[in-house]
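What follows is a set of notes on a single structure, which appears directly below.
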Amino acid sequence: MSESNKDDDIHSKNVSSEESQRSQSPETLVESGVSTKHLDATDSDEEDVKLREESGHANWFASNFQNAMTICAQIPSLGFSVLNIFIALKGDLTRRMGLCLLIVQSMVFVTVLFIYIDTSSWIPVFFIVTLISIIVLNAANGLFQNSLFGLASPFPFKYTNAVIIGQNFCGTAVTALAMLTKAASDDIQMRANLFFGLSSVAVIICYILLKVLKKLNFYRKFGELKPSLNSVEGEETSTWSNIREAFSKSKMQFLNIFLLFFVTLALFPNVCMYVTDAKKGEKHDFVVSEKYFMDVVVFLNFNLFAFIGSLMANWVRFPGPNTIWIPVVARFWFMFYFPAANYNPMDFARAYPVLFGSTWLFVFNICIFALTSGYLSSLIMMYAPRSHEDPKIQRMAGMIASFSLILGIVVGLSFSWQIRLFITGYA
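Heads up, the sequence shown is in full-length UniProt numbering, so the first residue is 1 and it goes up one at a time.
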């Protein structure tokens, strides 16, 4: 912990004046973190309703939309994160991020238009158009997120952590909004308007803050790369050598962030959301009503405690970079616990008995699960670039860490289906 605090002190003293440091608060990067995740958290009920037949019955498109959406959302994000690593040092990251925000805003506009268009006579076409928009949206989001972590990597710890805080805060805010709209109205169109309207506002604010960021003395001190001694004669270090150097000291952090998000996304939301208070056919009996059980106990709990965990990393930095793998590996306990709890996937029967039937034990475990996810992810994303002195290598390490994070998400989401198949006896 003391080494981490010294690191912040060294960075702070390098700023030309206290005024320039105060002018660039972490809130700017918090907002940027929110923008990368806000659209991913929006309600998909609108698409599900518009993909059904006029009679309201589910067809192939409605039944398979969630699976198709997951694939289309994550694969482009992963692919563009890889691409961004190889073009990382060949341009201004803020310009790249600004272009991504414009693409995201255009996809929001297209989505809002479709809310008012009757697609019942051309459902297959609407299905394809929706998936294409998801691919474009998440490709831009993946590129933006990867660039954002790279941009924040040379900054002091609290600024790097602000990106994680923004992402986790977004989950809490959107979950609370979903509960409010659920209580206020059953009108799916109104919910969609509200979600995408707020998404549009978040993107606009982020774009403005991105322009403001470039003019601040703090960003000019840490964010703009200076020519290194090796480039005096105009020669640039190759991308591959930068990648090798980043891996030489940060490879354990890349593995840590992958394993952390693999465990998290293998269980949340696809497993946790189907853990119930009662077995199938039994009466619900918990302090939170059945209508709001999933919203409060699963989504609000997870997002809130992940947010708290990421905030904690601003003041508490234990364990250190050499021992943080221990709690990361310890979290594999949840891979056993949640499927063995009262997990009842929709339309499937369990092939194995429930070992942990207590709902309060489930609440406790999901709180610890979320708290460690937010806390450890913040620490690892701060530790990864700090193993290097060269700002270029720090930026590269931040981008590779972001790629490892997204890879963990993709592999974790894919593995969640294997968990369902195993528990229901289809494996």
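Glycine is no exception: its CB is placed at the ideal position from the N, C-alpha and C atoms.
Next on the checklist: Going by the DSSP bridge assignment, what does A341 pair with across the sheet?
Outcome noted: The residue given as residue 341 occupies position 341 in the sequence shown. Answer by DSSP bridge pairing, in chain order: F356.
Checklist entry - Tell me the DSSP bridge mates of V275? => result In the sequence shown, counting from the first residue as 1, residue 275 sits at position 275. In the DSSP output, where bridge partners are listed per residue, V275 has Y343.
Next on the checklist: Which of the three DSSP states is assigned to L413 in this structure?
Outcome noted: Translated into the one-based positions of the sequence shown, residue 413 becomes position 413. Here L413 sits in helix by DSSP.
Item to check | Of the residues I324, S120, F61 and V296, the one placed nearest A180, counting alpha carbons only | outcome: Along the sequence shown, read from residue 1 onward, the residue named residue 180 stands at position 180. Looking at the sequence shown, residue 180 is not Ala but Leu. Considering only alpha carbons, the answer is V296.
Next on the checklist: Our contact map puts Y207 next to L99 with C-beta atoms below 8 angstroms; I'd like the distance itself, whole angstroms only.
Outcome noted: As a first step, residue 207 must be located in the sequence shown, where it is residue number 207. As a first step, residue 99 must be located in the sequence shown, where it is residue number 99. With 8 angstroms as the limit, Y207 and L99 do not qualify as a contact, their Cβ atoms being about 10 angstroms apart.
Next on the checklist: By the three-class DSSP mapping on this structure, what secondary structure does N314 have?
Outcome noted: Along the sequence shown, read from residue 1 onward, the residue named residue 314 stands at position 314. In this structure, N314 counts as coil in the three-state DSSP scheme.
Next on the checklist: Counting C-beta neighbours from all protein chains within 10 Å, is the total for K158 16 or more, i.e. buried, or is it exposed?
Outcome noted: Here residue 158 is taken as the residue at index 158 of the sequence shown, counted from 1. The residue is buried, with at least 16 neighbouring Cβ atoms inside 10 Å.
Item to check | Neighbourhood of Y352 by C-beta distance below 7 angstroms, restricted to the same chain and skipping five residues each side | outcome: Here the question's residue 352 lines up with position 352 in the sequence shown. Excluding positions up to five away in sequence, the list reads I423.
Next on the checklist: Considering only the alpha carbon of each residue, which of A384, F369, I419 and V275 lies closest to Y343?
Outcome noted: Counting from 1 along the sequence shown, the entry for residue 343 is found at position 343. Nearest Cα to Y343 within the set A384, F369, I419 and V275: V275.
Next on the checklist: If you reduce the DSSP assignment to three classes, tell me which class D295 lands in.
Outcome noted: Along the sequence shown, one-based indexing puts residue 295 at 295. In this structure, D295 counts as helix in the three-state DSSP scheme.
Next on the checklist: Give me, in chain order, the residues of the same chain whose beta-carbon lies closer than 6 angstroms to that of F362; leave out the 5 immediate sequence neighbours on both sides.
Outcome noted: Along the sequence shown, read from residue 1 onward, the residue named residue 362 stands at position 362. Cβ neighbours of F362 beyond the five flanking positions: V275 and A341.
Next on the checklist: According to DSSP, is W325 part of a helix, a strand, or is it coil?
Outcome noted: Taking the sequence shown and counting its residues from 1, one reaches residue 325 at position 325. DSSP places W325 in helix when its eight states are reduced to three.
Checklist entry - With respect to the alpha helix (DSSP H) encompassing G98, which residues constitute its N-terminal and C-terminal limits? => result As a position in the sequence shown, residue 98 is number 98, starting the count at 1. Where G98 is concerned, the enclosing alpha helix (DSSP H) stretches over L93 to I115.
Item to check | Nearest-angstrom Cβ-Cβ length linking N242 and M396, presumed shorter than 8 angstroms | outcome: Sequence index remark: in the sequence shown, residue 242 carries index 242 (1-based). Sequence index remark: in the sequence shown, residue 396 carries index 396 (1-based). 5 angstroms between Cβ atoms; contact.
Checklist entry - Shortest alpha-carbon distance to M346 belongs to which of L265, T239 and N270? => result By one-based count along the sequence shown, residue 346 stands at place 346. Out of L265, T239 and N270, N270 has the C-alpha closest to the C-alpha of M346.
Item to check | Run of the alpha helix (DSSP H) containing Y207, from where it starts to where it stops | outcome: As a position in the sequence shown, residue 207 is number 207, starting the count at 1. Taken as a continuous stretch (DSSP letters only), the alpha helix (DSSP H) holding Y207 covers I188 to L213.
Checklist entry - What do you get for D118, buried or exposed, if any count of 16 or more other CB atoms within 10 angstroms of its CB means buried? => result Locating residue 118 in the sequence shown gives position 118, counting from the first residue. D118 should be labelled exposed.
Next on the checklist: Does the structure place the region 297 to 310 close enough to the region 144 to 151 that three or more beta carbon pairs sit under 8 angstroms?
Outcome noted: Result no; under three Cβ-Cβ pairs closer than 8 angstroms.
Item to check | Three-state class that DSSP yields for L216 in the structure shown | outcome: One-based indexing of the sequence shown puts residue 216 at position 216. Coil, per DSSP.
Checklist entry - Excluding five sequence neighbours on each side, which residues of the same chain lie with their C-beta closer than 6 angstroms to the C-beta of S250? => result As a first step, residue 250 must be located in the sequence shown, where it is residue number 250. Here the set comprises A384, S387 and A397.
Checklist entry - Does the separation of the CB atoms of A246 and I393 fall below 9 angstroms? => result Mapped onto the sequence shown, residue 246 falls at position 246. Mapped onto the sequence shown, residue 393 falls at position 393. For A246 and I393, yes; Cβs fall inside 9 angstroms.
Item to check | Straight-line Cα distance separating F86 from T239 | outcome: As a first step, residue 239 must be located in the sequence shown, where it is residue number 239. As a first step, residue 86 must be located in the sequence shown, where it is residue number 86. Whole-angstrom Cα-Cα distance: 6 angstroms.
Checklist entry - Between F403, L355, N314 and R350, which lies nearest to residue 459 when the distance is taken from Cα to Cα? => result The chain is shown only over 1 to 427; residue 459 falls outside these bounds and no answer can be derived.
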